[in-house]
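Asks:
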Amino acid sequence: MAISKEKILEDLNKEFADSIISVTAQFGDEIIFFEKEALLKIVEFLIKEPYTFTMLLDLTCVDYKGEKERFEMVYHLFSLSNKLRLRLKTRLNEANLEIDSLSPIFQNANWLEREAFDMFGVQFKGHPYLRRLFMYDGFEGHPLRKDYPLRKQQPRIRLRD
Amino acid sequence: MKYRIQQEAREGTMLLNMGPSHPAMHGTTRIMLELDGEKIVNCELEMGYLHRGFEKICENKSYFNLLIYTDRLNYVSPLINNTGYVMTMEKMLGIDIPERAQYIRVIMCEFSRICDHLTALAAMCMECGAFTVFLYMMKAREYIWDLMEQTTGARMTTSYIRIGGVRSDFPSDWKETTQKAIEETRKVLKDCHGLISKNKIFLNRTRDVAVVSPETAINYGWTGPCLRSTGVYYDVRKTYPYLVYDQLDFEVPLGERGDNFDRYMVRMLEMEQSLRMVEQCMEKIPKSSSPMHLMAKGLEPAEAIKSSRTKRSEAEIKLSPNLEGTEKDKYPGILTGKGYIVPPKEDTYTTIEGLIRHFKFFMRGHGIRPPKGEVYFSVEGGSGELGFYIVSDGTDKPYRLHLRAPCFHIVSSLEDIVRGHYVADVIPTFGSMNMIGGELDR
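Read top to bottom, the protein sequences are chains Z and B. Under our numbering, the first residue of the first sequence carries the number 23, and numbering increases by one thereafter. Under our numbering, the first residue of the second sequence carries the number 47, and numbering increases by one thereafter.
1. With DSSP as the reference, identify every bridge partner of V212 of chain B, one or two as the case may be.
2. What do you reckon, are the CB atoms on T82 of chain Z and S101 of chain Z nearer than 9 Å?
3. Output the boundary residues of the beta strand (DSSP E) element that contains L432 of chain B.
4. Cβ of R151 of chain B within 9 Å of Cβ of V212 of chain B?
5. With 16 other CB atoms within 10 Å as the buried threshold, where does A147 of chain B fall?
6. How long is the line joining the alpha carbons of Y422 of chain B and K174 of chain Z, rounded to whole angstroms?
7. Please name the residue or residues paired with C83 of chain Z in a DSSP beta bridge.
8. Residues of chain Z with CB under 7 Å from V437 of chain B, in chain order?
9. In chain order, what residues of the same chain lie with their CB nearer than 6 Å to the CB of R251 of chain B, ignoring the 5 residues before and after it?
10. Kindly list the residues whose CB is nearer than 8 Å to the CB of K90 of chain Z, restricted to its own chain and excluding five residues on each side of it in sequence; keep chain order.
11. Check each candidate in B:D471, B:L449, B:V464 and name the one with the smallest Cα separation from E105 of chain B.
12. Which full runs of the beta strand (DSSP E) of 3+ residues lie inside the stretch 398 to 483 of chain B, going along the chain?
13. List the residues of chain Z that I264 of chain B touches, going by C-beta distances under 8 Å, in chain order.
14. Would you identify the three-state DSSP class for E54 of chain B, choosing helix, strand or coil?
15. For my contact list, S123 of chain B and S158 of chain B are in at a C-beta cut-off of 8 Å; report their separation, rounded to the angstrom.
16. Check each residue of the stretch 86 to 102 of chain B: if its Cβ is closer than 8 Å to any Cβ of chain Z, include it; give the result in chain order.
17. By Cβ distance below 7 Å, which residues in the same chain neighbour C155 of chain B in space, the five residues on each side in sequence not counted?
18. Does the distance from the C-beta atom of C223 of chain B to that of D254 of chain B stay below 9 Å?
19. Do we get a CB-CB distance below 9 Å when we pair Y170 of chain Z with the residues of chain B?
20. With 9 Å as the limit, tell me which residues of the stretch 145 to 169 of chain Z have their beta carbon closer than that to any beta carbon of chain B; keep them in chain order.
21. Could you confirm whether any beta carbon from chain Z is found closer than 9 Å to the beta carbon of T397 of chain B?
22. Name the chain Z residues whose beta carbon is nearer than 7 Å to that of D487 of chain B?
23. Three Cβ pairs or more, each shorter than 8 Å: is that satisfied between the stretch 64 to 80 of chain B and the stretch 89 to 108 of chain B?
24. Can you find a heavy atom of the ligand FMN that lies under 8 Å from the Cβ of T382 of chain B?
25. Using only the alpha-carbon positions, how far apart do T372 of chain B and H149 of chain Z sit?
26. Considering only residues of the same chain and omitting the five flanking positions on each side of M202 of chain B, which have a CB-CB separation below 8 Å?
27. Please report whether the beta-carbon of G50 of chain Z lies at a distance below 9 Å from any beta-carbon of chain B.
28. So D442 of chain B and S108 of chain B are supposed to be a Cβ contact under 8 Å. How far apart are they, rounded?
29. Going by CA-CA distance only, name the one from B:E392, B:Y286, B:I190, B:L235 that's closest to A350 of chain B.
30. For S44 of chain Z, which of helix, strand or coil comes out of DSSP?
31. When burial is assigned at 16 or more other CB atoms within 10 Å of the CB, is Y468 of chain B buried or exposed?
32. Compute the Euclidean distance between the alpha carbons of T276 of chain B and M317 of chain B, then round it to the nearest angstrom.
33. In this structure, does DSSP put M77 of chain Z in helix, strand or coil?
34. Which residues in chain B have a C-beta closer than 8 Å to the C-beta of T92 of chain Z? List them in chain order.
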């Protein structure tokens with residue numbers, strides 16, 4: 023039983039009328055922009071029948087330096103039975119970089135969120151093991167932020183045991 | 047900060063490091079194991095040893111220049127990576143590419159997929175003790191690389207697929223080379239089936255080891271042959287057909303149990319389908335529009351440059367024998383898109399307009415400038431859905447480029463899968479996941 027894209031967006035708008043800021047489309051992809059508090063509720067809504075967005079394709083962050091709400095979290099969800107992709111976006115304020123973790127729902131969010139934490143310093147509430155993924159312990163700063171210089175060098179660290 | 051595995055360590059168990067430099071780690075990854083005898087109680091993966099800051103580099107390179115970095119992601123199938131990036135850009139720019147270029151891309155992608163699977167299985171079999179299979183599969187890969195070398199000029203870092211088409215046409219004798227590659231690969235696949243598929247040692251190590259249910263696989267974001275081995279039908283080539291995949295007749299092999307053997311078998315069967323696709327493409331591919339006679343008449347490039355110093359030269363110029371010459375307008379069959387492709391070299395060297403166009407393409411702040419916005423596009427890579435997420439701010443550099451690496455999601459599940467198995471099971475499990483360091487660590 024396939025469900026159309028329009029129906030899903032309509033249902034979402036109805037269910038989360040006060041937390042969804044905008045629904046736009048660009049280059050054929052639907053983008054849903056919402057308040058960050060509603061993240062878990064929206065994902066839990068979308069994962070159920072008949073929407074079945076059971077796969078988290080991708081999770082990443084974009085740094086818009088200079089804007090008031092600096093960090094933008096981008097989630098790509100995918101529904102196997104409906105063959106639909108959906109992009110969810112929300113903004114984080116630099117003063118409060120906390121957002122709910124998706125790792126209780128999607129298991130691959132564990133590593134993806136560790137990557138976002140490593141690269142941007144986003145704090146995930148409820149993450150079981152928030153540790154740097156690519157960089158080492160003792161690395162200072164978050165390399166993918168726009169204010170991190172491209173050729174910055176870090177001091178050597180002592181040999182770990 | 048202590049590692050999770052150290053925090054959770056139980057009394058009387060042993061902590062063992064596998065890697066980072068271990069022959070079975072396919073690069074550098076560190077697997078930390080907590081062992082009770084030979085049984086794995088807990089497991090943790092540490093990666094990032096090959097982290098080169100791909101995404102940071104891309105933010106500081108122009109759209110044309112960062113193409114070469116995509117070669118280095120999955121270094122076993124660079125042509126699929128090129129295709130993924132280039133098609134994301136084409137989606138953003140709205141370019142349609144010539145039909146012949148689409149067929150060339152499909153042939154190259156399918157051969158790359160075969161290379162990818164061959165390498166993955168060769169390494170997996172070798173680690174299980176089947177060294178003959180490793181050598182056979184490497185031999186088959188050499189025949190495929192013959193064609194790639196002739197066409198792209200490189201074996202691994204090809205940078206062959208360009209925005210607007212492909213960099214050069216096939217050489218004149220490509221059909222013989224391709225035929226030979228197909229025949230040799232078929233022979234090798236048959237041999238390897240005979241050696242491995244019913245081999246008791248191999249079966250004991252892979253059958254019913256590391257079984258993954260479809261629900262777990264989906265929850266972990268698995269795609270590609272690993273997801274299909276659990277019986278879930280999802281292939282980007284079928285679900286979101288790109289290039290000419292909707293005109294080709296091919297099947298998507300599925301597994302039943304989702305164990306190591308199924309992951310091996312799905313790859314074996316997929317290679318046969320890829321060979322079928324290449325054969326169909328060879329028949330369907332439109333005739334080359336590159337006029338070979340242009341190679342014969344016209345001025346030599348050196349002469350043309352010399353004469354252009356004194357007067358405007360209107361004469362035809364012979365195509366230079368190197369690949370640069372193929373980026374000419376005279377090859378509309380494989381590369382199109384004004385403003386998005388490198389201006390023809392012979393114009394650059396002989397006319398002032400050509401020189402200006404050349405500088406306008408390569409100058410900082412000029413060149414390819416897609417509209418503001420963001421785009422996600424994915425192709426079926428060797429080990430799954432290879433997606434690119436690009437945010438453009440209207441300048442000549444991407445504001446943000448994120449890669450959805452297929453093996454990232456697959457490898458992230460290793461910690462859970464091997465729990466409760468034996469140390470020896472880690473090797474075929476890790477092998478069947480096809481971890482590629484360049485893609486995983488970026």
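For each residue, glycine too, the CB sits at the ideal point set by N, CA and C. Bear in mind that the values here come from a model prediction, so they are computed numbers and not experimental data.
Replies: Result, derived from the coordinates:
1. Here residue 212 of chain B refers to the residue found at position 166 of the second sequence. According to DSSP, which records beta bridges pairwise, V212 of chain B is partnered with B:I207.
2. For the purposes of this step, residue 82 of chain Z is identified with residue 60 of the first sequence, where counting begins at 1. For the purposes of this step, residue 101 of chain Z is identified with residue 79 of the first sequence, where counting begins at 1. Against a cut-off of 9 Å, the Cβ pair of S101 of chain Z and T82 of chain Z comes out as no contact.
3. To locate residue 432 of chain B, count along the second sequence from 1; it is residue 386. It spans 431 to 438 - the beta strand (DSSP E) in which L432 of chain B sits, taken as one unbroken run.
4. Position 105 of the second sequence, counting from 1, holds the residue named residue 151 of chain B. Position 166 of the second sequence, counting from 1, holds the residue named residue 212 of chain B. In this structure, R151 of chain B sits near V212 of chain B, with a CB-CB distance shorter than 9 Å.
5. For the purposes of this step, residue 147 of chain B is identified with residue 101 of the second sequence, where counting begins at 1. Within a 10 Å sphere around the beta-carbon of A147 of chain B sit 16 or more other beta-carbons, which makes this residue buried.
6. Reading the second sequence from its first residue, position 376 is the one you call residue 422 of chain B. Reading the first sequence from its first residue, position 152 is the one you call residue 174 of chain Z. Rounded to the nearest angstrom, the two C-alpha atoms are 30 Å apart.
7. As a first step, residue 83 of chain Z must be located in the first sequence, where it is residue number 61. Looking at the DSSP assignment, C83 of chain Z forms a beta bridge with Z:M95.
8. Position 391 of the second sequence, counting from 1, holds the residue named residue 437 of chain B. Within 7 Å Cβ-Cβ: V84.
9. As a first step, residue 251 of chain B is located in the second sequence; it is residue number 205 there, counting from the start. Closer than 6 Å at Cβ, skipping near neighbours: C174, P474.
10. Working through the first sequence from its first residue, we reach residue 90 of chain Z at position 68. Excluding its 5 nearest sequence neighbours in each direction, K90 of chain Z has C-beta neighbours in its own chain below 8 Å: N115, listed in chain order.
11. Indexing the second sequence from 1 puts residue 105 of chain B at position 59. Per the Cα distances, B:L449.
12. Look at the stretch 398 to 483 of chain B and you find these whole runs of beta strand (DSSP E), each 3 residues long or longer: 419 to 426, 431 to 438, 444 to 450.
13. Working through the second sequence from its first residue, we reach residue 264 of chain B at position 218. Identification of chain Z residues near I264 of chain B by a Cβ-Cβ cut-off of 8 Å yields T76, M77, L102, ordered along the chain.
14. In the second sequence, counting from the first residue as 1, residue 54 of chain B sits at position 8. When DSSP states are grouped into helix, strand and coil, E54 of chain B belongs to the coil group.
15. Residue mapping note: residue 123 of chain B aligns to position 77 of the second sequence, counting from 1. Residue mapping note: residue 158 of chain B aligns to position 112 of the second sequence, counting from 1. Contact between S123 of chain B and S158 of chain B holds: their C-beta atoms lie close to 4 Å from each other, under 8 Å.
16. Of all residues in the stretch 86 to 102 of chain B, M93, G94, H97, G99, E101, K102 have a Cβ within less than 8 Å of some Cβ in chain Z.
17. Within the second sequence, the letter at position 109 stands for residue 155 of chain B. The residues are L125, I126, T129.
18. Translated into positions along the second sequence, residue 223 of chain B becomes position 177. Translated into positions along the second sequence, residue 254 of chain B becomes position 208. Sequence check: residue 223 of chain B is Thr here, not Cys. No, the pair does not count as a contact, with Cβ atoms beyond the cut-off.
19. By 1-based counting over the first sequence, the position of residue 170 of chain Z is 148. So, interface residue.
20. Those would be P150, Y151, R153, R154, L155, F156, M157, Y158, D159, P165, L166, K168, in chain order.
21. Your numbering for residue 397 of chain B matches position 351 in the second sequence. No - not a single Cβ of chain Z is within 9 Å of the one on T397 of chain B.
22. Position 441 of the second sequence, counted from the first residue, corresponds to residue 487 of chain B. By Cβ distance, chain Z contributes F156.
23. Contact annotation: the stretch 64 to 80 of chain B touches the stretch 89 to 108 of chain B, with at least three C-beta pairs closer than 8 Å.
24. The ligand FMN is absent from the structure shown, which contains no ligands of any kind.
25. Looking up residue 372 of chain B in the second sequence gives position 326. Looking up residue 149 of chain Z in the first sequence gives position 127. For T372 of chain B, the predicted model reports a pLDDT of 46, less than 50, meaning its position is unreliable; a value from the coordinates is still stated below. Distance between the alpha carbons of T372 of chain B and H149 of chain Z is about 53 Å.
26. The residue you call residue 202 of chain B lines up with position 156 of the second sequence. Result list for M202 of chain B: D117, Y121, P124, in chain order.
27. Numbered from 1 along the first sequence, position 28 holds the residue referred to as residue 50 of chain Z. Nearest CB-CB separation between G50 of chain Z and chain B: below the 9 Å threshold.
28. Indexing the second sequence from 1 puts residue 442 of chain B at position 396. Indexing the second sequence from 1 puts residue 108 of chain B at position 62. Indeed they touch by this definition, with Cβ atoms about 5 Å apart.
29. Here residue 350 of chain B refers to the residue found at position 304 when the second sequence is read from its first residue. For A350 of chain B, the closest of B:E392, B:Y286, B:I190, B:L235 by C-alpha to C-alpha distance is B:E392.
30. Numbered from 1 along the first sequence, position 22 holds the residue referred to as residue 44 of chain Z. Three-state result, S44 of chain Z: strand.
31. Within the second sequence, residue 468 of chain B is the residue found at index 422, counting from 1. Sixteen is the threshold: since fewer than 16 other Cβ atoms of the shown chains lie within 10 Å of the Cβ of Y468 of chain B, the residue is exposed.
32. For the purposes of this step, residue 276 of chain B is taken as residue 230 along the second sequence, with counting starting at 1. For the purposes of this step, residue 317 of chain B is taken as residue 271 along the second sequence, with counting starting at 1. Between the alpha carbons of T276 of chain B and M317 of chain B lies a gap of roughly 18 Å.
33. Residue mapping note: residue 77 of chain Z aligns to position 55 of the first sequence, counting from 1. Strand at M77 of chain Z.
34. As a working mapping, residue 92 of chain Z is identified with position 70 in the first sequence. Reading the sequence as shown, one finds Arg at residue 92 of chain Z and not Thr. In chain order: nothing, as chain B lies at least about 13 Å away.
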